[in-house]
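Here is the structure we will look at.
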Amino acid sequence: MENIYPLGIRPGESIVVIPSQTLSNDEYYLLRNVSIKVARHLGIVGVCNVQFALHPSCNEYYIIGINPRLSRSSAFESKVTGYPLAYIVVKLTLGMNLAELINHITKSTCACFEPSLDYVTIKASRKNLSKSIQCSKKFGNFMKSNGEVMSIGRSFEEAFQQALRMVNEHVTGFDPYPQTVTDNEFSALNYQYIFLLAKALQQRYTIERLSKLTQIDPCFRNKLK
């Protein structure tokens, strides 16, 4: 999975997309191989969620988090792929191996085959701002959302529109912010941020300019445009 927002925003507050959209094949297998090495080095049997920060213009990366347990991300991944992580973990704990377990989706292959997707899934956080008036609307290191939505589409654009409509019942999708935006408004991420981007695109901000202001990958900028 991949976070759309840059490093510094808590993953639970970010918009997350599966499968990753900006990684090249080499980058994907680099991070995959490192994740496997980490799990083997730590002797983990079961679920291990490894989080990376990858430099956008080179293969430099940092491991920023390791969750050797079932988590909210694990539950999300199971829903998206149909791969029953909790069930598999229990069987592995009992001493079975992946080659002995049958994939519940195909009913014919073993569980050691990685799931492949021909659709895009997006998870977005949801916050009821009307019930937390005194709380800052800015994103940060602390979790402020009180729910999340998951959307599935044949393309990123389709899934993204669905997610926005479910996050806020008052919007119809990627609607522009009602007021004119300036560069200063992109200095801090908040719950209106994605609609500020829509307004900036409407004001003919270039992809390069928005990338410098937001540190969001140009790939997503082009998809939103």
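Residues 830 to 1054 in my numbering are what the sequence shown lists, from first letter to last. Note that the Cβ used here is the ideal one computed from N, Cα and C, for glycine as well. Quantities reported herein were computed from a predicted structural model and do not represent experimental measurements.
Exercise for the section: Kindly indicate the opening and closing residues of the alpha helix (DSSP H) around K952. Expected result: Where K952 is concerned, there is no enclosing alpha helix (DSSP H), although the beta strand (DSSP E) it sits in stretches over V949 to R955.
Problem - Close Cβ partners of I833 (< 6 Å) along its chain, the five nearest in sequence each way excluded - result: I844 and F1049
Problem - Cβ-Cβ distance between M995 and E906 below 8 Å - result: no
Exercise for the section: Taking P897 as the reference, give the member of K908, G875 and G911 with the closest Cα. Expected result: G875
Handout entry: Selected residue, minimal CA-CA separation from A1029, among G1002, Q1021, Y857 and T1011
Key = T1011
Exercise for the section: Please classify Y857: does DSSP put it in a helix, a strand, or coil? Expected result: helix
Exercise for the section: Assign L883 to one of three DSSP states: helix, strand, or coil. Expected result: strand
Problem - Assigned exposure category for V846 - 16 Cβ within 10 Å defines buried - result: Around the CB of V846, 16 or more other CB atoms lie within 10 Å, so the residue is classed as buried.
Problem - E1037 versus N1051: straight-line alpha-carbon distance, rounded - result: 10 Å
Problem - E889 - DSSP class collapsed to helix/strand/coil - result: coil
Handout entry: Burial state of I873 (16 or more Cβ within 10 Å)
Key = exposed
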